[in-house]
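Using the numbering used here, the letters of the sequence shown correspond one by one to residues 213 to 492.
Built from N, CA and C at the ideal position, the CB exists for glycine as well.
Just so you know, these numbers come straight off a predicted model, no measurement behind them.
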Amino acid sequence: GGPRPQPGQEVSVKVLGALEDGGLVERDPRLTFVPGHGDVVQALELGVPTMQPGEVSFFLAAFPYGYGRLGRYGGAPGLRGGRGAVPGGQERGVRGWVSRCCARREPDVPPEAPLLFEVTLLEVRDDPDPQPLPPAARLCLGARRRERGNFHFARGDFPAALRSYRLALRALDGPAAVPPGPQEEEELREQRVKCLNNCAAAELRLGRAGEALAACEAALGISPDNGRALLRRGQLLAQQDREAEAAVVLRRALELDPASKVIHAELSRLVKRRNPPAPE
Numbered sequence: 213g214g215p216r217p218q219p220g221q222e223v224s225v226k227v228l229g230a231l232e233d234g235g236l237v238e239r240d241p242r243l244t245f246v247p248g249h250g251d252v253v254q255a256l257e258l259g260v261p262t263m264q265p266g267e268v269s270f271f272l273a274a275f276p277y278g279y280g281r282l283g284r285y286g287g288a289p290g291l292r293g294g295r296g297a298v299p300g301g302q303e304r305g306v307r308g309w310v311s312r313c314c315a316r317r318e319p320d321v322p323p324e325a326p327l328l329f330e331v332t333l334l335e336v337r338d339d340p341d342p343q344p345l346p347p348a349a350r351l352c353l354g355a356r357r358r359e360r361g362n363f364h365f366a367r368g369d370f371p372a373a374l375r376s377y378r379l380a381l382r383a384l385d386g387p388a389a390v391p392p393g394p395q396e397e398e399e400l401r402e403q404r405v406k407c408l409n410n411c412a413a414a415e416l417r418l419g420r421a422g423e424a425l426a427a428c429e430a431a432l433g434i435s436p437d438n439g440r441a442l443l444r445r446g447q448l449l450a451q452q453d454r455e456a457e458a459a460v461v462l463r464r465a466l467e468l469d470p471a472s473k474v475i476h477a478e479l480s481r482l483v484k485r486r487n488p489p490a491p492e
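Structure below.
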């Protein structure tokens with residue numbers, strides 16, 4: 213017994229998940245996550261907050277609350293959330309978590325598959341501050357959350373995708389147990405840029421051009437010659453009738469990728485807007 217999880221609290225659950233034919237696709241003796249962070253399937257996001265500590269529940273999840281119309285193939289992200297799986301301060305535990313996080317291969321789930329989950333709520337606690345992690349663990353956690361964002365994006369759940377991308381950035385920018393080496397620092401920068409570009413894409417799908425432009429500019433602040441961020445920034449500036457700025461950005465993008473048909477088309481459209489044909 214005890215109170216149900218409140219918003220922002222962290223939970224640990226024991227989970228078994230099976231297909232209709234009884235095939236086991238999920239097994240985790242202690243899955244830790246924060247409901248609402250988008251690290252787990254909707255069946256758990258919605259179901260676990262209704263439970264009390266020690267309670268065992270069965271959730272029969274239609275496919276929109278599991279792995280959707282596409283299912284899960286080729287090692288796509290499974291139930292596992294992330295940060296809470298790291299035992300605080302134990303290097304051996306951190307290394308074990310990194311190995312599980314990066315190497316774990318989840319069983320496939322067919323398209324539109326309903327799932328039956330058996331869930332035991334083990335513990336509820338206040339969401340702790342991010343734990344200092346070694347660079348490899350930060351990279352792994354960031355990649356897992358970015359993959360989760362891509363999972364949501366492919367299914368059209370753009371708010372959940374954006375939340376996962378922001379959580380990925382939070383992991384990449386989190387406290388470090390040891391300073392990263394030069395290669396790890398470069399990988400952290402690359403991952404940040406990928407997450408920011410994905411944030412921009414999700415913001416655009418949500419109709420928030422200003423936020424998308426800010427994400428592009430943040431990405432370019434880290435990697436000034438990132439082609440994707442340059443192209444999208446140029447497109448957004450053009451949409452805001454800032455043609456001169458857009459032209460500078462798109463020309464720089466073209467210098468970096470002269471064969472890009474997309475950039476050529478954007479510049480052509482921009483030139484036509486700035487120099488409309490004279491009336492006959």
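Pairwise C-alpha distance: residue j and residue i
i    : j    : result
G296 : A388 : Legend: pLDDT at G296 = 34, less than 50; position of this residue unreliable, no value from coordinates given.
F242 : R337 : Note on identity: in this sequence residue 242 is Arg, with Phe being the wrong assignment. About 14 Å.
S472 : L442 : 13 Å
E429 : A412 : 10 Å
R356 : V253 : 14 Å
Segment limits, beta strand (DSSP E) that includes residue i
i    : result
L282 : No beta strand (DSSP E) holds L282; DSSP gives it neither H nor E.
V225 : 222-230
E330 : 327-337
Element boundaries [alpha helix (DSSP H), containing residue i]
i    : result
P394 : 394-417
R375 : 370-384
L345 : Counting along the chain, L345 falls outside any alpha helix (DSSP H), and DSSP gives it neither H nor E.
S472 : Run containing S472: none; DSSP gives neither H nor E here.
V252 : Element bounds for V252: n/a, residue is neither H nor E.
Proximity winner among the options, relative to residue i (alpha-carbon distances)
i    : options                : result
L236 : Q451, P326, A431       : P326
G422 : P470, V331, C407, R445 : R445
R216 : A255, G229, E267       : E267
Q218 : G259, V253, A255       : G259
N409 : V390, L432, G393, P470 : L432
S224 : M263, E232, A459, L231 : M263
T244 : G234, L256, D233       : L256
Sheet register partners of residue i (DSSP bridge)
i    : result
V321 : R284
F271 : F329
R239 : L228
A388 : L345
F365 : Answer is none; F365 lacks a bridge partner.
T244 : S224
C-beta contact flag for residue i and residue j at 8 Å
i    : j    : result
G220 : P265 : no
L381 : R417 : no
L400 : R350 : yes
G250 : R358 : no
V461 : L449 : yes
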